[in-house]
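A.B. asks: I am attaching a structure below and will ask some questions about it afterwards.
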Amino acid sequence: MRISRACAVYIPASILLFVASPEAESIPRDSLGAPVIRAVWASAPPRLDGILDDPVWMEAVRLDDFYVVDYDRPPSEPTTVFLACDSANLYVAARMGDRYPGQVRMAETKRDGQYTNDDHFAIHFDIQHLHANSYLFIVTPRGTQATTIPDGSPSKVEWQGDWLAAARVDSAGWSVEMVIPMVIFGRPAGPHTIGVAAHRWLPRLQEEMTWPNMGRVRDDTKTGNWEGIVWPVERRRPALMPYIVAERVGGDLSTYAGADIKYTTGSGLTLLATAYPDYRNIESGVLGLDFSYNEQARADNRPFVTEGAAYYPESWIFYSQRIGEMYGGGKVFGQLGRSRVGLLTAYDRNRVVHTAGKWSWQKSDAWNFDQHMAWRHGPADAPHPPGTPMATDHLMFVSIARFTRQVGDREEHYSTQGGFTKTASDTANGYDFEFHWNRHVGNGTHGYALGGRILSNGFIPVEGLLNPADAGQRDITASIEWEKRRERSWFNEVGYWAQLKYSERLNGDLYHKDATLEGWADVTPDVAMALNGKAIDRPPYVDKTLYAWVGWNRRSFGHEGGIEATAGKVKGTDYRFVSAYQNTRIGRQTFLSLSAQGVRHVYPVGHVDRPLGGTDDRYQLIGTAQFDITPEHAVSGRLIEGTRGLNGYATYQQVLRRGYDLFIIVGDPSADTWTRRVALKAVVVL
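FYI, the numbering for the sequence shown is 1065 to 1750, going by this note's numbering.
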C-alpha cells in the first residue's frame, strides 16, 4: 500500500472528524468509573475503503483518551476510535496518527496469521457484559484481519461468521473501517449492553495503547459500557460442514466422509453434532525431545472439539485426545444469564463413551463458581493411559470457587478446589482438595503466590492429563515475581521469578521438593534472554539443571530465531538438551524455517531404565518451506530427519472466506519414516 497524492483528498476529512465528532471527555462514567457509551444509530453503512469520509463517522461516538499502561503515560501518537450501529451491524473506525508512516509495519497478508509484529488495531467486545471472555477483532494497515473467538471455534470463516474491514495508509498515519454483523455473536433478540475496549500496537516505539485505561493489572470492570444496542430477530438455520477424504496408501485407495452440524437457538445455546470427524490429515506439531515426567499434550483440531472449547473442563480433567477415532458425538453449550453450561458426549471406535460437562456461575464480578465432570464408560479391555487402572465406569467431579478483589493498584485472587474420582471396580476412588492465593501489586510489577494441595491415593483422572504418579501426596507452593519496564533503552524489561514447593506422600515420605529461580531480560526490543536454575529432590532422584535461552529478531516478522539449552542431572542421568530454530522470509510470499534438537542421557550402571548403563542420543532436524501463492492459497513442504529415520511430506492448502477449503497432503506427517501416501480433503459450509 503506497502513499499516493490521493491521500490529500481524505486527510482533511479525517481532521474534520476530530473537530465535528463528540468529545471523548463528554462520555459519562458509571459508579465504578467505567465509561458509558450511548449507542448512535448509523444513518447509512460506510463504504469500506479505509477512508473516514462517510457520514456515519461524523455521527458516531468518538473515543480518543488512550493510555500506555506499561510506561504510565499518554501515547506518543494519537489514536481515535468511532463507534456506531444499526439493526444488523456494529460499525467501528479508527484513525492512527503516525509521524513516520513510511515505517508502518504490515508484513502479514494471511487472515489469522502472525500479525503481532505488525502495526495493528483491535477492538474488544464483551458480548455477555460479564467482564470476561471478549471477542477480539484485529486489523493491520494492510487490511489483514484476525479474529479471536473467546470460547473456541474451528478456523473455517463461514463457520465462525465473517466480518469485513478495510485499511489505508496516508501521509499522517493510517486508518481502518470495520463492519461486524451481530449474527456472529448468537445473542437473543432485544436491547443489550456490551463491554468495549480498544488497543493499538505501535511496534516502532514498542507502545501498546489502550482505551480505556484499565491499569497494568487489567481490571475488566473498567471497560466501556456500550448501551442501547438492539440485537435483531434472526431466522436461524443450521450450518452444515461436511468433509470428504480420498486417500491412497501404497496401492490401496480408500474414501470416507463425515460432517459437523451446528444450530444456535434463540436463547443463545449452541447445539453441535458430529459424524466420523477426521483429524488425521491436519498437520500437527512435531513433539519436542526434551525430557518430561508428564505426558506431552497435542493440539486437537477437530471442529467438534474446538467449537466452544472454553465451556468444557480443563485438560487435566478432560483431555480431548483421549477420544481417538470416533463414530460420532454431540454437544451443547452457551450462556444463560450469569451461567455458562457445556455438555459433550462421544462414542469412539473402541466402544468407549466419553462424556464431559461444565457449569460455571458468575455470581458477581468478584465471585465465580465452576463445576467440572468427566465420565468414561466402556469395556475393561479398552485402551487407556499407561499406569492407570481401568474400570467399565470411571467418574470424576471437581468443584472450584474463585474470588477476586481489586484495591487500587493491588489485585488479589483466592480459589479453593475440591473433587473426587469414583470407579465401578473401586480401583481409583479418591479425593482432591487445594487452595491458591496470589497478589499483584504496583501496576503488575511484582506479585506473590501461595498454594497447597492434597490428593488421595486413588485420585486418578483417566480422561485427564494429570500424572497418575501425582496421586497420594500433599504439597505447598510459594512464589514471588518482580519485573520492571524501561523505555527505549537496553534492558527494556527485566524481571525474576522464584518458587519453592514441598510435597510429601500421605504416609509422610518425601515426594519431591523443588526450588526454582528464573531471570529474564529484553536486552533490546529485538533480543531477549532468560536463565533458569532448578533443583528437584524427587526420590529416588535428585534433579539439578541449568537452563538458558536467547531469542533474536523478535520484531522482524519471518526472521525470528532462538537457541535454548539445558544441562544437569535428570532422573539419575547426566542430561544435555539443545534446541535451536531460525526463520527466514524471502519477500512476502516465501517462508523458510530450520530447527534442530538434540538430547543425551548418560545412564549409570544399575539404572532402573537401563541396568547395563550407557548413552542414549536422540536428535531431529526439521526443515519447512512455504510459498503463499495468494493469501488464501499456499504450498508447503517439510523434511524431518531424526534418530528413527527420514520423513517428509508436502501440502497444498486452500482456505477461503467462502467456498471449499481444500487440503492435499503427499506423505504422512504422523509417521516416523517416509510413507507412500496421498490424501485429499475438502471441507465446505452449507
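We put the CB at the ideal spot given by N, CA and C, even for glycine.
Could you check which residue in W1616, V1749, A1542, W1380 has the C-alpha nearest to that of T1648?
C.D. replies: Among W1616, V1749, A1542, W1380, the Cα nearest to that of T1648 belongs to W1616.
A.B. asks: From the DSSP output, which residues share a beta bridge with G1516?
C.D. replies: Paired residue(s): F1499, I1540.
A.B. asks: What is the residue span of the alpha helix (DSSP H) that Q1224 lies within?
C.D. replies: Element bounds for Q1224: 1221 to 1224.
A.B. asks: Could you please give the first and the last residue of the uninterrupted alpha helix (DSSP H) stretch that includes F1368?
C.D. replies: From DSSP, the alpha helix (DSSP H) with F1368 extends over 1367 to 1370.
A.B. asks: For L1335, which residues of its own chain have a beta-carbon under 6 Å away from its beta-carbon, when the five flanking residues on both sides are left out?
C.D. replies: Hits under 6 Å: Y1327, V1396.
A.B. asks: Nearest-angstrom Cα distance between G1114 and A1229?
C.D. replies: In a straight line, the C-alpha of G1114 is about 8 Å away from that of A1229.
A.B. asks: Identify which residue in Q1167, G1097, N1521 has its Cα closest to the Cα of G1279.
C.D. replies: The shortest C-alpha separation from G1279 is found at G1097.
A.B. asks: Cα-Cα, which of Y1611, P1604, P1589 is closest to N1596?
C.D. replies: Of the candidates Y1611, P1604, P1589, the one whose C-alpha sits nearest the C-alpha of N1596 is Y1611.
A.B. asks: Give me whichever residues DSSP pairs with F1461 in a beta bridge.
C.D. replies: DSSP output for F1461 lists M1437, F1484 as bridge partner(s).
A.B. asks: For my contact list, W1439 and L1407 are in at a C-beta cut-off of 8 Å; report their separation, rounded to the angstrom.
C.D. replies: Rounded, the Cβ-Cβ distance is 11 Å, inconsistent with contact.
A.B. asks: Taking Cβ positions, are D1573 and K1565 nearer each other than 8 Å?
C.D. replies: Result no, Cβ atoms of D1573 and K1565 do not sit closer than 8 Å.
A.B. asks: Would you please state the rounded distance, in angstroms, between the beta carbons of F1146 and T1274? I believe it to be under 8 Å.
C.D. replies: Wrong, their Cβ atoms sit about 17 Å apart, outside the cutoff.
A.B. asks: Give the straight-line distance between the Cα atoms of Y1683 and E1272, rounded to the nearest whole angstrom.
C.D. replies: Spanning the two alpha carbons is a distance of roughly 40 Å.
A.B. asks: In terms of alpha-carbon separation, which member of G1701, R1549, R1569, L1720 lies closest to D1136?
C.D. replies: Comparing Cα positions, the closest option is R1549.
A.B. asks: Relative to the C-alpha of Q1209, which candidate in G1177, L1710, A1196 has its C-alpha closest?
C.D. replies: Of the listed residues, the one whose Cα sits closest to Q1209 is G1177.
A.B. asks: Out of V1405, S1379, D1412, G1401, which one is the CA nearest neighbour of M1390?
C.D. replies: The residue with the shortest Cα to Cα distance from M1390 is D1412.
A.B. asks: Give me whichever residues DSSP pairs with S1318 in a beta bridge.
C.D. replies: Beta-bridge pairing links S1318 to E1311.
A.B. asks: Residue ranges of each beta strand (DSSP E) run of no fewer than 3 residues wholly in the segment 1364 to 1406, ordered along the chain?
C.D. replies: You should have 1390 to 1400.
A.B. asks: Please look up how many angstroms separate the CB atoms of C1149 and A1106, rounded, as I've assumed it's under 8 Å.
C.D. replies: The pair is a contact, with the Cβ atoms about 7 Å apart (cut-off 8 Å).
A.B. asks: Report buried or exposed for N1784, applying the criterion of at least 16 other Cβ atoms within 10 angstroms of its Cβ.
C.D. replies: In this structure the chain extends from 1065 to 1750, so residue 1784 is not present and cannot be described.
A.B. asks: Within the same chain, show all residues whose beta-carbon is closer than 6 Å to that of Y1512, passing over the 5 residues directly before and after it, in chain order.
C.D. replies: Cβ within range, chain order: R1503, I1544.
A.B. asks: Please work out which residues of its chain come closer than 6 Å, Cβ to Cβ, to V1748, disregarding the five sequence neighbours upstream and downstream, and give them in chain order.
C.D. replies: Around V1748: Y1724.
A.B. asks: By the DSSP assignment, the alpha helix (DSSP H) with W1121 in it spans what residues?
C.D. replies: 1119 to 1123 is the extent of the alpha helix (DSSP H) around W1121.
A.B. asks: Quick one: what does DSSP say C1653 is sitting in, helix, strand or coil?
C.D. replies: Residue identity check: residue 1653 is Gln in the sequence provided, not Cys. Coil at Q1653, not helix or strand.
A.B. asks: Work out the CA separation of L1194 and S1235 for me, nearest whole Å.
C.D. replies: Distance between the alpha carbons of S1235 and L1194: 40 Å.
A.B. asks: By Cβ distance below 8 Å, which residues in the same chain neighbour E1087 in space, the five residues on each side in sequence not counted?
C.D. replies: For E1087, the pLDDT reaches just 44, beneath the cut-off of 50, and the residue's location in the model is therefore unreliable, although a value from the coordinates is still provided. Taken in chain order, the residues that qualify are R1126.
A.B. asks: Exposed or buried, which one is S1643 when buried takes at least 16 other CB atoms within 10 Å?
C.D. replies: Under this definition S1643 is a buried residue.
A.B. asks: Could you tell me which residues DSSP puts in a beta bridge with K1745?
C.D. replies: In DSSP, K1745 forms a bridge with V1309, F1727.
A.B. asks: Apart from the five residues just before and just after K1220, which ones in its own chain have a Cβ nearer than 7 Å to its Cβ?
C.D. replies: Cβ neighbours of K1220 beyond the five flanking positions: M1305, D1725, V1747, V1749.
A.B. asks: So, with DSSP's three-state summary, where would you put L1750?
C.D. replies: If DSSP states are grouped into helix, strand and coil, L1750 belongs with coil.
A.B. asks: Within the continuous beta strand (DSSP E) that includes A1262, where are the two ends?
C.D. replies: It spans 1254 to 1266 - the beta strand (DSSP E) in which A1262 sits, taken as one unbroken run.
A.B. asks: Taking only the alpha-carbon atoms, compute the straight-line gap between W1584 and V1591 and give it to the nearest angstrom.
C.D. replies: The straight-line gap from Cα to Cα measures roughly 11 Å.
A.B. asks: Which word fits G1207, buried or exposed, when buried means at least 16 other C-beta atoms lie within 10 angstroms of its C-beta?
C.D. replies: Counting Cβ neighbours within 10 Å, G1207 comes out buried, since at least 16 surround it.
A.B. asks: Could you work out which residue in Y1605, D1226, G1254 is closest to S1331 when comparing CA atoms only?
C.D. replies: Closest option to S1331, Cα to Cα, is G1254.
A.B. asks: Contact between the segment 1680 to 1698 and the segment 1651 to 1670: three or more CB pairs below 8 Å?
C.D. replies: Judged by Cβ distances under 8 Å, the segment 1680 to 1698 makes contact with the segment 1651 to 1670, as three or more pairs qualify.
A.B. asks: Quick one, which of A1124, R1102, G1625 has its alpha-carbon nearest P1110's?
C.D. replies: Out of A1124, R1102, G1625, A1124 has the C-alpha closest to the C-alpha of P1110.
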